[in-house]
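For the sequence shown, this note's numbering assigns the number 1085 to the initial residue and increments by one for each residue that follows.
Everything below concerns the one structure shown next.
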Amino acid sequence: MNQFLRLTFMSSWRRIKEITRYKVNFTLEILMSFVWGIGLLVFVTVADPGKLQSTIGSANYFVFLLIGIAFQTYSGASTWGAWEIHDELTKGQIEYTFASPVSRYYYILSYSLSQAIIGTIFSLLPMFAIAVLFSGIPPSPTAIVMTCISVMLTFLVLCQVGVLITSALLILKNVSAIMSIFQFLTQIATGMFVPVQFMPDPIKVLAFVIPMTHGIDLARHFILGTSTVWPVEVEFGALVLLLIVLSALARFSTSYLERKAKIEGLSLA
C-alpha cells in the first residue's frame, strides 16, 4: 500500500509540475473551467422550466447541466491512463516499465487515479463552485459532506474502469472503439445533459449500471435539491456494489495480463 500511495503521489505531482510549467497555458486552463461553466448559459434558453420543475423538482437547468459537465473530467480520467499506456506500448517502453517491483494493478490504477485527482482540483471543483453560486441557496454542511462522499465513490469506481480499459488495451493492443463507446455512453446515458427521468426504460436500465449516473444524480440532489432517479440509499448502494465488483474484475484482469505477458510479452509485434 505504501508503494501505491508513493506511486500515486509521484504521478500526481508529475502531472501538476507539467501543468504549471507553462504559466500562460496553466492560467488559461483554469479560466476555461469557469468559462465553460458560464458558456453553458446559452443552453438554458432551450430548456422548458415547467417540465423540469415537475420532473426533477428544479427549474435551474444551468446548475443541473453544470454539475453533469463537471463529471466529464472523471470520464476522461478513466480512459486517460489507457492512452498513456498506449503511448508506452507504441514506443516499446511498456515491458521496461512493467519490470518495476510495484503491483501491476497499483501501477495501472495510479495512472487513472492521478488524472482524476488533477481533474478534481482544476476542473470539477471550479465548476462545482459556480454551481453552488448559481444554485440560489447554499447547500448545508451535511449536503456538502454527502456530495463529497458521492463524488469520491464515483471517482474510485471510474478508476477501476480505467484499469479494466488499460488491461484490455495491453491484451488486445487497440481498444479505441471500446473507449469511444464508453465516452459516448457516459455523455448520453448518464443524464449528463438530459434528465434520466426523460429517457425510455431500456436506457434507464443501462444508466443504472453506469457509475457516473449515480454520482451526477446524487451531486445534483445534494447541491440543487433535485429529486433522484432512484432512492438515495439505492444509488449509494449501487456505487458501493459497483466499486466492489469492478475492483474484483480489475484485479482479475491485471492478474490475467501478467500471466499472458510472461508467455507472450507486451510488445505490439
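From the three backbone atoms N, C-alpha and C, an ideal C-beta is built for every residue, glycine too.
Tell me the DSSP secondary structure of residue i in three-state form.
| i | result |
| --- | --- |
| lysine 1257 | coil |
| glycine 1275 | coil |
| tryptophan 1314 | coil |
| valine 1241 | helix |
| glycine 1321 | helix |
| alanine 1154 | helix |
| proline 1286 | helix |
| aspartate 1132 | coil |
| tyrosine 1145 | helix |
| valine 1293 | coil |
| alanine 1160 | Rather than alanine, the amino acid found at residue 1160 in this sequence is glycine. If DSSP states are grouped into helix, strand and coil, glycine 1160 belongs with the helices. |
| proline 1222 | coil |
| serine 1198 | helix |
| serine 1187 | coil |
| tyrosine 1340 | helix |
| glycine 1203 | helix |
| glycine 1246 | helix |
So is residue i buried or exposed if we call it buried at 16+ other beta carbons inside 10 Å?
| i | result |
| --- | --- |
| leucine 1089 | exposed |
| asparagine 1258 | exposed |
| glycine 1359 | Outside the shown range of the chain, which is 1085 to 1353, sits residue 1359, and nothing can be said about it. |
| phenylalanine 1155 | buried |
| aspartate 1301 | buried |
| glycine 1152 | buried |
| methionine 1236 | exposed |
| glycine 1299 | buried |
| cysteine 1232 | exposed |
| leucine 1240 | buried |
| glutamate 1348 | exposed |
| tyrosine 1106 | exposed |
| isoleucine 1265 | exposed |
| phenylalanine 1336 | exposed |
Inset, instruction - Would you check if the region 1268-1278 and the region 1322-1341 touch, i.e. whether three or more CB-CB distances between them fall below 8 Å? - result: Too few Cβ pairs lie closer than 8 Å, so no.
Inset, instruction - Taking 8 Å as the threshold, find out whether the region 1211-1227 comes into contact with the region 1185-1197 through three or more Cβ pairs. - result: In short, these stretches do not touch, since the Cβ pair count stays below three.
Inset, instruction - Determine, using beta-carbon pairs with one atom in the region 1278-1297 and one in the region 1219-1226, whether at least three such pairs fall under 8 Å. - result: No, the region 1278-1297 does not touch the region 1219-1226.
Inset, instruction - Taking 8 Å as the threshold, find out whether the region 1304-1312 comes into contact with the region 1135-1146 through three or more Cβ pairs. - result: The region 1304-1312 vs the region 1135-1146: in contact.
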